[in-house]
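In the UniProt record's numbering, the protein residues as written are 1 to 1195.
Worksheet for the structure shown next.
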Amino acid sequence: MQHSKDSMVSLQLQLRDQSCAVALVQEPLLSNKGELVRTWRHIEAFSGGACPRAAILSAGVDLWFCPRFSNRDVTTVLGSFGDLSLYMTSVYLDGTLLSLPACLEELLSTRDKPILISLDTNAHSTLWGCSESNDRGELLENFIFKHHLHLLNKGFTPTFITRRASSIIDITLCSEELAPLLADWKVSQEFHFSDHRQISFTLPLVLPVLPKIWCFKRADWSKFEKELDSLSESWSPPDSWSPNSLESEAGLLHKHLFAALGKSCPKTRPGAPRSQKYPIWWTEDLSVSRCNVRRLERRARNSCSDADHDLFCEARREFKREIASAKRHSWQLFTSEVDSSSRLAKLSRSLLKDKEASLGLLSHQQVAASSPTESVSLLFDVLFPGSVEQELPPAPPRRPVPSHRILNFLFTDAKVSKAFKSFGPYKAAGPDGIKPIMLQHVGPVTLRRIAALFTATLELSFIPDLWTQARAVFIPKVGKKDYSQVKSFRPISLTSFMLKAMERVVLWTFEEYFLSRHPFHDRQHAFRGGRGTDSALSQCCNFIEKSITRNQYSLGIFFDIVGAFSNVKFDPLLHSMNERGIPRVITSWYSAYLTRQRVSASVKGVSVTRLLTRGTPQGGVLSPFAWNLVFDKLLDSLNQGPFLGIGYADDGLLLCSGIDPQALADLAAPVLQSALNWGDRFGLQFCPVKTVAMLFHQKRKPLPSPSIKMGDQVLTFVQQTKYLGVTLTPSLEWKTHINDKIAKAKGKLIRLRTAIGIRWGPKPYLMDWAYKCIVLPALTYASSVWGSGNLAPFRPALTKLNRLAMTGLGPMRLKTPTAGLELITNTPPLDLLIKKLGMLTYNRLKPILPVTWDGLGARRKMGHVRSWNDLVTRDKISLGPPDRGCRTYHWRKLLPEQPSASWKDSLQVHFVASSQGGSGCPSFGCKILTSPAEMWSGFLGGDPAQPAILFLAYVIGRLLQAGHSEICLVLDSLPGPLDVTITKVNSVGSVASALQTNPAAHVFWRRTAKDDLPHLTDAAIASSNAVLRLELESWTDPAANRRQAWSWLRKQWTARWSKSIEYRQTKYWFSEPDRNLSASLLQKSRDDFGLRAQFLTGHCWLRRHSHVVGESDDPTCRLCKVGPEEPFHLFSECPALQSERTLILGSSHTSGEWTLRQLDRFLKLPTIRDLLGPPPEAVASGVAGAASSAPSSPP
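The structure is reproduced here in structure tokens:
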């Protein structure tokens, strides 16, 4: 193909239209990264090595890549088409080498199936029609005779045509058993913008037919609900529940779901849209130009005239330029139409994604698959250890349970509905084909039916076979270099959402009743509210920092468990659940779930189904909970004596400190043995290669690393390791980690910048969002650990990163000041942003990471926990405990609403809460209609979260203590968190505690009526005059903490800005950050934003700046001929613009005062437009806009 764009488009059109099933390609079109270019995503591409010179493309054909027989010049795939299986190989032979690829020789020596080979030989031989043979041709002749291959070339039609000559250098070979099946071999005479001609032939293949799929986004869900409820109205539970009745009822429900779906949802066939014949960048002009080029090529070929060939070459060059221009223009339109953050996020994902990997014949350790079936079986053997190919065992006999004896205490309609709505509506379905959106639109009748089915399933400890099936999908891991290994893929199990919803309700029950009394181990940070990688890293580094400051050693052992979730044994897992006090009915149900789980995978026509004998269900809602129960046992054995054991999911860490490394190793030996015993009990093993040790210290002459064993394996001491995404070194210095994160953030930013121009693309506010929400989070990750230290050495690199992001928002001059752009775009200096985010994380983790620093130690350095605490104290930053607790459940409303007819005999309490009363703090007032009426009021200091709920709890508690049992609260509306089924707001718990003062009391609320206005007025007056300060347990709204942290950052930023002696012109306009003004500026178009950035920074095409950079000899204003020609002079001082300035700014304008609207009107003046435009010589030389140039072509 000689890397031709038009040739690749033409070939992929044939693949898309199914006129061609498989294409064996040499010299394919490559991207700038050296990867194959595909026009449509449904086309699968195979190649080996970087910058491949041979490739295979296919559409709608199941092909398996063979890495063993592939390299840069050879690509081999294995295809199965009914009873026919064969190898297909595309080969490019380098004309400078007199040898054949070794992998091709190996393939032909070991093959056990027919083979088809397409070669660009760069050789001549009379065997395939050349006039003479050369050395390379004789080498290939011997190769053909040696392996008994059949040559398919027919006739003397040249396959390679240039201006000077033509020859036959492209040949097709096949094994003898395949030759009778091949037919219609021919060389196309149509020009495809390559010197090589396309060769085609036919082979009878049985191609798979893709079934139609449901188009859920076009469904009529109201009709679906009605149809399903009509089918469920006639349903009644069986007289008694048994495994057989459960199976039949689950099947009937499944049948009804899809019967209703068939009447309300259309189907469509997957694949590329047939209406799109050409790529989106193709135009009618390109079709005309292509026809003209082909016409001139035929004329030049027939006439053999130099003049005709010159015309053809010129037309071909022009056509290629037109293609590049059309693609660039189409890409510009596409990116400029991105008008929302969601669309920009999709664009960013496509630009930042790594190379796609296709599943082929895999290998693991010393085992290599030789067929697709072996490859899929190898995936199951490694990723689902212990799985067996056998039928589902029969369920143990269970006595039928009468329906009237089953109590629906756990699976209420509200819980089941909430569970369905907790899933994303269009999540991939399991083998039963049920997507969450179907279950989210079931009516109340069907909901009761499902709840009854769930209850019977739990009562019988039996799960229908339809729900226990899972569909495995193997996705490539990001960043792997070799995708021919099994470990380069990760299994994702898609299970039934019926079972997932049932698990969700059971999990809520665990959290509500059992974990509140028996929480997970305090050192387990995964799958817990308020914990995460930040808390695990802080706990780890806090321990190490304390030992370093005491001039001690700290020994860290990092555990890696082999296939943790997939290898755990069932029996000890269930025993751990019993020990935690979980009811036996739930444990028995989960046991049935574990022992009856089946996983099936259908990969490129190969289907395998296996029964799992170990491991928690992949993708199961209860799997994280079950794993934490298992890992808690390990944490119990690790946290003994001087040792600290930390867990995050399956990542374990053991720490201990002291003055002698060998003594630490000796102390750790029995603890490591207990970890091995734990592994033996649960069927788990530690990876000997990835389980490493590190000796933390800051000594100039440290003692040698000790020898430490874990079982029979001697652990390796490393000088650098990654723990939860953070690079740790023995001295616990963060230079390596920070530089690595900056480099990766810069790489992401460059990939986004190169795909988007300066004058075209998404608006500046969207690109600013992409930088702050996509690029920066990866950089600032775990800043609570490493951000407390001195970031001054990294400030230049961080500033460059900010500059790279901001100069891509619009056309600017080369040396536009970064600090000025930061003010204009409200992009804080990254060192201050890191401090702010780290401070907020520290405040969130402070309850579980108290300041334990005791002041001892010979070093001046403090740990990060103490550093954050000192910073918050020194700068008087008011950060309170955030209002984010564990999930609180109140399925029955704590304060139900009652109609007007039921509150006449209750105590009426008219309640008013205001966010800012007379004291400037949240206050409340209430009028209690006793005899005589009472008035209560009070206020809370600070800025507590949900003050109205805290006041309600206070009032309810006092009234119940006074002996009232029928209380009616008169409110405008119930506070939001009290009306939510599941909430993480701590203050809701205060209402629940107040109601426990008298559980038999009846407390409810009603809405205000017309007669309540006088009482509410009295309550409002009492609220505004509140003088009693209440001492209630309160929490701070996280938004208030963020405001306090932003206020600190803004203060530091303003101080740094005012102390700098540079940026004179920007300081005329910005004395401090202005978030609203920056947001308005970023809403402008790219050209308008660039113009305003140039004007506000002074780095524009006015004479004064041109004089500073040596582009002009005279800095004097061209209008008044007096002052310097700079933005502030024109806007505030230039006498030649006095009348325009008075019209725009008013006669009482003060220097330094301006609004964005005034600036916009000023910049629209024709005189100002002429002054700000680049001079003609700058445009001609390309200096204008040189700060950032648009890419020459889209990616």
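Here a beta-carbon is modelled for each residue, glycine too, at the ideal position from N, C-alpha and C.
The beta strand (DSSP E) with Thr76 in it runs from where to where?
What you label residue 76 is simply residue 76 of the sequence shown in a count that begins at 1. Run containing Thr76: Val74 to Phe81, per the beta strand (DSSP E) assignment.
Locate the alpha helix (DSSP H) running through Trp1046, then write down its first and last residues.
Here the question's residue 1046 lines up with position 1046 in the sequence shown. Counting along the chain, the alpha helix (DSSP H) containing Trp1046 begins and ends at Pro1038 to Lys1059.
Give the DSSP bridge partners of Val912, in chain order.
Numbered from its first residue, the sequence shown carries residue 912 at position 912. For Val912, which the question treats as bridged, DSSP gives the partners Gly925.
Starting from the Cα of Arg343, find the closest Cα among Gly761, Ala933 and Ile982 and give me that residue.
Numbered from 1 along the sequence shown, position 343 holds the residue referred to as residue 343. For the residues Gly761, Ala933 and Ile982, the minimum Cα distance to Arg343 belongs to Gly761.
Using a Cβ-Cβ cut-off of 6 angstroms (strictly less than) and excluding sequence neighbours within five positions of Phe420, which residues of its own chain qualify?
Translated into positions along the sequence shown, residue 420 becomes position 420. Taken in chain order, the residues that qualify are Leu439, Gln440 and Ala501.
Compute the distance between the beta-carbons of Asp1113 and His1105, then report whether it is under 8 angstroms.
Within the sequence shown, residue 1113 is the residue found at index 1113, counting from 1. Within the sequence shown, residue 1105 is the residue found at index 1105, counting from 1. Against a cut-off of 8 angstroms, the Cβ pair of His1105 and Asp1113 comes out as no contact.
Helix, strand or coil: which one does DSSP assign to Met694?
Looking up residue 694 in the sequence shown gives position 694. Reduced to three states, the DSSP call for Met694 is strand.
Rounded to a whole number of angstroms, what is the C-alpha to C-alpha distance between Trp690 and Gly679?
In the sequence shown, counting from the first residue as 1, residue 690 sits at position 690. In the sequence shown, counting from the first residue as 1, residue 679 sits at position 679. The question names Trp, but residue 690 is Lys in the sequence shown. Answer to the nearest angstrom: the Cα atoms are 16 angstroms apart.
Reducing DSSP to helix, strand and coil, say where Ala858 ends up.
Residue numbering aside, residue 858 sits at position 858 when the sequence shown is read from its first letter. Confidence at Ala858 is low in this model, with a pLDDT of 48, below 50, so its placement is unreliable and the value that follows should be read with caution. Reduced to three states, the DSSP call for Ala858 is coil.
Tell me, which residues are paired with Lys267 by DSSP?
The residue you call residue 267 lines up with position 267 of the sequence shown. Beta-bridge pairing links Lys267 to Trp214.
Excluding sequence positions up to five away, which residues of its chain have a Cβ less than 6 angstroms from the Cβ of Phe65?
As a first step, residue 65 must be located in the sequence shown, where it is residue number 65. Once the five neighbours on either side are set aside, the close Cβ partners of Phe65 are Phe46, Val77, Ser358 and Gly360.
According to DSSP, Tyr553 sits in a beta bridge with which residue or residues?
Numbered from 1 along the sequence shown, position 553 holds the residue referred to as residue 553. Gly658, per the DSSP bridge assignment.
Measure the Cβ-Cβ separation of Ala1020 and Val909 and say whether it is below 8 angstroms.
What you label residue 1020 is simply residue 1020 of the sequence shown in a count that begins at 1. What you label residue 909 is simply residue 909 of the sequence shown in a count that begins at 1. For Ala1020 and Val909, no; Cβs fall outside 8 angstroms.
For Ala858, count neighbouring C-beta atoms within 10 Å of its own C-beta (all shown protein chains included) and say buried if the count is 16 or more, exposed if not.
Stepping through the sequence shown from its first residue, residue 858 is reached at position 858. With a pLDDT of only 48 at Ala858, under the threshold of 50, the placement of this residue in the model should not be trusted; the figure read from the coordinates follows. Exposed, since its Cβ has fewer than 16 Cβ neighbours within 10 Å.
Kindly indicate the opening and closing residues of the alpha helix (DSSP H) around Val376.
The count along the sequence shown starts at 1 and reaches residue 376 at position 376. Here the alpha helix (DSSP H) through Val376 covers Pro372 to Leu383.
Tell me, to the nearest whole angstrom, how far the beta carbon of Phe201 is from that of Thr162; I am working on the premise that it is less than 8 angstroms.
Reading the sequence shown from its first residue, position 201 is the one you call residue 201. Reading the sequence shown from its first residue, position 162 is the one you call residue 162. That pair is no contact at about 24 angstroms.
Short of 7 angstroms in beta carbon distance, which residues of its chain neighbour Gln946, apart from the five on each side in sequence? Order them along the chain.
As a position in the sequence shown, residue 946 is number 946, starting the count at 1. So the qualifying residues of the chain are Asp883, Pro975, Pro977, Val985 and Ser987.
Nearer than 7 angstroms: is that true of the beta carbon of Leu776 relative to any heavy atom of the ligand COA?
The ligand COA is absent from the structure shown, which contains no ligand whatsoever.
If you drop the 5 nearest sequence neighbours on each side, which residues of the same chain put their C-beta closer than 8 angstroms to that of residue 1199?
Nothing about residue 1199 can be read from this structure; the chain reaches only from 1 to 1195.
Thinking C-beta only, is Ser535 closer than 8 angstroms to residue 1196?
Residue numbering for the chain in the displayed model covers 1 to 1195; residue 1196 lies beyond these limits and cannot be assessed.
Which value, in whole angstroms, describes the spacing of the CA atoms of Val209 and Gly60?
Stepping through the sequence shown from its first residue, residue 209 is reached at position 209. Stepping through the sequence shown from its first residue, residue 60 is reached at position 60. Rounded to the nearest angstrom, the two C-alpha atoms are 8 angstroms apart.
Pull up the DSSP beta-bridge partners for Lys186, would you.
Looking up residue 186 in the sequence shown gives position 186. Note: Lys186 sits in a beta bridge opposite Ser200.
With Cys291 as the anchor, note down where its alpha helix (DSSP H) starts and where it stops.
As a first step, residue 291 is located in the sequence shown; it is residue number 291 there, counting from the start. First-last of the alpha helix (DSSP H) with Cys291: Glu284 to Ser303.
Under 8 angstroms by Cβ, that's how I've got Pro896 and Phe1004 pegged, so tell me the actual separation to the nearest angstrom.
In the sequence shown, the residue the question calls residue 896 occupies position 896. In the sequence shown, the residue the question calls residue 1004 occupies position 1004. Here Pro896 really is in contact with Phe1004; their C-beta atoms are around 5 angstroms apart, less than 8 angstroms.
For Glu934, which beta-bridge partners are listed by DSSP?
Position 934 of the sequence shown holds residue 934. In the DSSP output, where bridge partners are listed per residue, Glu934 has Ile928.
For His1099, count neighbouring Cβ atoms within 10 angstroms of its own Cβ and tell me buried if that reaches 16, exposed if not.
Mapped onto the sequence shown, residue 1099 falls at position 1099. Under this definition His1099 is a buried residue.
Please look up how many angstroms separate the CB atoms of Lys223 and Ser264, rounded, as I've assumed it's under 8 angstroms.
Working through the sequence shown from its first residue, we reach residue 223 at position 223. Working through the sequence shown from its first residue, we reach residue 264 at position 264. Confirmed, Cβ separation roughly 4 angstroms.
So, under 8 angstroms CB-CB, Ala315 and Val338 are touching, yes? Tell me the CB distance rounded to an integer number of Å.
On the sequence shown, position 315 is the one that residue 315 refers to. On the sequence shown, position 338 is the one that residue 338 refers to. In fact, because the Cβ distance is near 35 angstroms, the residues do not count as touching under 8 angstroms.
Tell me which residues share the same chain as Lys477 and place their Cβ nearer than 7 angstroms to its Cβ, disregarding the 5 neighbours each side in the sequence.
Position 477 of the sequence shown holds residue 477. Excluding positions up to five away in sequence, the list reads Ser488, Phe489 and Arg490.
Kindly indicate the opening and closing residues of the alpha helix (DSSP H) around Val445.
The residue you call residue 445 lines up with position 445 of the sequence shown. Its alpha helix (DSSP H) spans residues Pro444 to Leu460.
Given this structure, state the Cα-to-Cα distance separating Glu822 from Ala564, to the nearest angstrom.
Here the question's residue 822 lines up with position 822 in the sequence shown. Here the question's residue 564 lines up with position 564 in the sequence shown. The straight-line gap from Cα to Cα measures roughly 46 angstroms.
On the criterion of 16 or more Cβ atoms from any shown chain inside 10 Å, does Cys656 qualify as buried, or is it exposed?
Start at 1 with the first residue of the sequence shown, and residue 656 comes out as number 656. Under this definition Cys656 is a buried residue.
Can you name, in chain order, every residue of its own chain whose Cβ lies under 8 angstroms from the Cβ of Cys51, other than the five neighbours on each side?
For this step, residue 51 is matched to residue 51 along the sequence shown. Same-chain partners within the cutoff: Leu30, Gly34 and Arg72.
Determine the extent of the beta strand (DSSP E) in which His1002 is found, giving its start and end residues.
Taking the sequence shown and counting its residues from 1, the one referred to as residue 1002 is at position 1002. Element bounds for His1002: His1002 to Arg1007.
For the segment 538-582, which segments carrying the beta strand (DSSP E) assignment without a break, of at least 3 residues, lie completely within its bounds, in sequence order?
Every beta strand (DSSP E) stretch that sits fully inside the segment 538-582 and reaches 3 residues is listed by chain position as 553-560.
Determine the contact status of Ala1026 and Gly925, defining contact as a CB-CB distance below 8 angstroms.
The residue given as residue 1026 occupies position 1026 in the sequence shown. The residue given as residue 925 occupies position 925 in the sequence shown. It is a contact, given that the beta carbons lie within the stated cut-off.
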